[in-house]
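Taking it in order: structure first as C-alpha cells, then the write-up.
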Amino acid sequence: MMYKGHRRRIDPDARRALWEDQNRRCGYCGRKIGFSEVTVDHIIPLSRGGPDCGENMICSCRPCNEFKRNRTIEEFRAAVQSSSFNLMQREPEYRAVLRFGLIREYRRKRVKFYFETKQDRVERKTGKGQK
Ligand SMILES: [Zn+2]
2 MMYKGHRRRI DPDARRALWE DQNRRCGYCG RKIGFSEVTV DHIIPLSRGG
52 PDCGENMICS CRPCNEFKRN RTIEEFRAAV QSSSFNLMQR EPEYRAVLRF
102 GLIREYRRKR VKFYFETKQD RVERKTGKGQ K
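So the working numbering is basically just the index in the sequence shown, starting at one, shifted up by 1.
As C-alpha cells, this is what we get:
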C-alpha cells in the first residue's frame, strides 16, 4: 500500500476508546466484537484523501474492514446492498421461495451502518439537528 507511510500508529488506549465509544460493536455491521477483533478503519480512506485523525476513524470487525477496502461510505453501502441481492439471485432455492411468496425482497432497503444509527441517537439526545 503506497499510503502506508502516512498512516499514524494507533496506540492500544485510543483503539480501546474507539471500541468503547462504539459500544464494543463494529461501526459498520453493528455486531459485538471482542477487543482482539477490533480493526481501525478510516471512514474516508487515506488513499482517497481522508484525514488520519480520530474523527475519521471507526472501529470495525475484520470482515467489514476487508469488504470496505478503500471504498467511500456510499460506495461501501452500494456494494453491501448489491452483493446481498446478487448472491441471492444466484441461488435457485432463493428464487423458488421468492416465487412461492415465502420471503420478500428488500432490494430497495437502504443499508444503515451502525455508526449512523448511533449518530442519530446522539443527535436525538442532544437535540442537535432538530429545529
Ligand atoms: Zn462488521
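C-beta atoms are modelled at their ideal positions from N, C-alpha and C, and glycine is treated no differently.
All figures in this text were calculated on a predicted structure; none of them were measured in a lab.
Cα-Cα separation, F68 to A79: 12 Å
Near ligand 1: G31 beta-carbon under 8 Å from a heavy atom: Answer for G31: yes, Cβ within range of ligand 1.
CB-CB length for I45 against G51, believed under 8 Å: Contact between I45 and G51 holds, with the beta-carbon distance rounding to 3 Å and staying under 8 Å.
Cβ pair R24, K110 closer than 9 Å: Sequence check: residue 24 is Asn here, not Arg. Not a contact, by the Cβ cut-off of 9 Å.
CA-to-CA distance, K33 to S85, given in whole angstroms: 21 Å
F36 and R49 closer than 9 Å at C-beta: no
Assigned exposure category for K5 - 16 Cβ within 10 Å defines buried: Because K5 carries a pLDDT of 47, less than 50, the predicted location of this residue cannot be relied on, and the following value inherits that uncertainty. Its Cβ having fewer than 16 others within 10 Å, K5 is exposed.
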